[in-house]
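A.B. asks:
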Amino acid sequence: MLVDRFGRRARKLRISVTDRCNFRCVYCMPEEAEFKDRAELLTYEEIERVTRVAVQLGIEKVRLTGGEPLVRRDVERLVERLVSIPGLRAVSMTTNGYFLPAKAAALKRAGLSGINISLDTLDRDRFVLLTRRDYLREVLAGIGAAVAAGLEPVKVNMVVMRGYNDDEVETFAAQARSRALVVRFIEFMPLDNGSVWNESLVVPAHEIIARVQAVAPLEPVEHDKSDPARRWRFKDGQGEIGVIASVTEPFCGHCDRLRLTADGKLRNCLFALDEYDVRAVLRGGGSDADIAAVFSEAVANKWAGHLINREGFVKPERTMHAIGG
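Taking my numbering as reference, the numbering of the sequence shown is continuous, increasing by one, and the terminal residue is 356.
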């Protein structure tokens with residue numbers, strides 16, 4: 032098992048399959064982003080091998096991220112390979128939704144067990160402002176395709192930013208209630224290469240919850256403490272909302288996640304300043320035991336928590352698209 036010095040056991044692994052994306056969301060990447068050469072990215076065979084070792088060490092769930100994971104060719108083939116690993120309980124994905132009309136059915140057949148779709152506004156002009164792309168219609172179609180394909184649970188992730196889209200919290204909550212969706216509101220985090228984020232743009236969890244409660248009465252949903260989202264359902268039984276308060280109410284004390292970047296670096300925290308090179312082991316002829324040793328080192332050096340709310344906080348050099356969402 033992978034247990035850090037604070038007693039937290041690693042059970043989940045987020046794997047970025049690419050740093051590329053067809054969007055340019057302002058909180059995730061610059062307009063003129065530089066991408067890794069394809070030879071620098073882990074192959075599907077390498078990802079499968081690392082995952083098999085991770086599962087032997089106690090990892091139970093994998094989430095595929097990017098960049099946009101669906102820009103990577105035949106990613107459903109990777110899903111099939113991972114789903115076949117004994118002991119791995121679930122393989123899910125986070126996506127911008129653009130490619131889901133073409134890919135949702137294939138992902139379902141491959142065994143994908145859940146999907147999160149990023150959508151921060153229902154207003155076309157704001158969508159263009161936030162993503163630098165005019166693709167709102169395609170994302171909405173993607174949500175519909177995921178539901179139709181049975182990729183349950185289908186979750187919609189909204190990053191809430193004051194002055195940008197915070198006045199749409201109630202609208203998103205109403206959509207969750209009327210369409211029986213899961214909507215997760217996420218506090219704006221400093222992973223944007225310094226171009227947008229400042230603390231005044233963070234809408235705290237308590238304010239988000241108050242706005243949702245104005246739509247309809249809520250009741251709490253029991254959840255694992257390691258789940259980053261505090262969850263509620265509408266009392267009339269339609270839809271669910273979650274709030275991820277990474278900035279104002281950090282859940283670091285229960286964190287059970289590790290992250291593998293598209294170029295094969297293991298990270299023990301979204302905001303970590305250090306990385307552990309799995310790719311070098313893979314391509315240097317290392318054994319599975321050598322890969323396991325990298326995981327053990329990363330977990331041993333995991334912080335008690337991030338330092339966003341403390342003086343001297345340093346943003347990681349990588350922006351969100353290069354870490355993995």
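Quick reminder that beta carbons are idealized off the backbone N, C-alpha and C, glycines included.
What does DSSP give as the partner residue(s) for residue 273 in the beta ladder?
C.D. replies: Its beta-bridge partners are 215 and 262.
A.B. asks: In the structure shown, what three-state DSSP assignment does residue 167 receive?
C.D. replies: Helix.
A.B. asks: To which residues does DSSP link residue 45 through a beta bridge?
C.D. replies: Bridge partners of residue 45: 94 and 290.
A.B. asks: Determine, using beta carbons only, whether residue 274 and residue 322 come nearer to each other than 9 angstroms.
C.D. replies: For residue 274 and residue 322, no; Cβs fall outside 9 angstroms.
A.B. asks: Please classify residue 319: does DSSP put it in a helix, a strand, or coil?
C.D. replies: The answer is helix: DSSP assigns residue 319 an H, G or I state.
A.B. asks: Shortest alpha-carbon distance to residue 41 belongs to which of 331, 351, 354 and 337?
C.D. replies: Here the closest residue by C-alpha is 331.
A.B. asks: Please classify residue 123 as buried or exposed, where buried requires at least 16 neighbouring CB atoms within 10 angstroms.
C.D. replies: By the 10 Å Cβ count, residue 123 comes out buried.
A.B. asks: How is residue 351 classed by DSSP in three states: helix, strand or coil?
C.D. replies: Helix at residue 351.
A.B. asks: Could you tell me which residues DSSP pairs with residue 250 in its beta bridges?
C.D. replies: Residue 250 pairs with 264.
A.B. asks: Count the other CB atoms within 10 Å of the CB of residue 351; is the residue buried (16 or more) or exposed (fewer)?
C.D. replies: It is buried - the Cβ of residue 351 has at least 16 other Cβ atoms within 10 Å.
A.B. asks: According to DSSP, is residue 162 part of a helix, a strand, or is it coil?
C.D. replies: Helix, per DSSP.
A.B. asks: Determine the burial state of residue 189: buried for a count of at least 16 other Cβ atoms within 10 Å of its Cβ, exposed for fewer.
C.D. replies: With 16 or more other Cβ atoms within 10 Å, it is buried.
A.B. asks: Please state if the CB of residue 128 and the CB of residue 153 are separated by a distance shorter than 9 angstroms.
C.D. replies: For residue 153 and residue 128, no; Cβs fall outside 9 angstroms.
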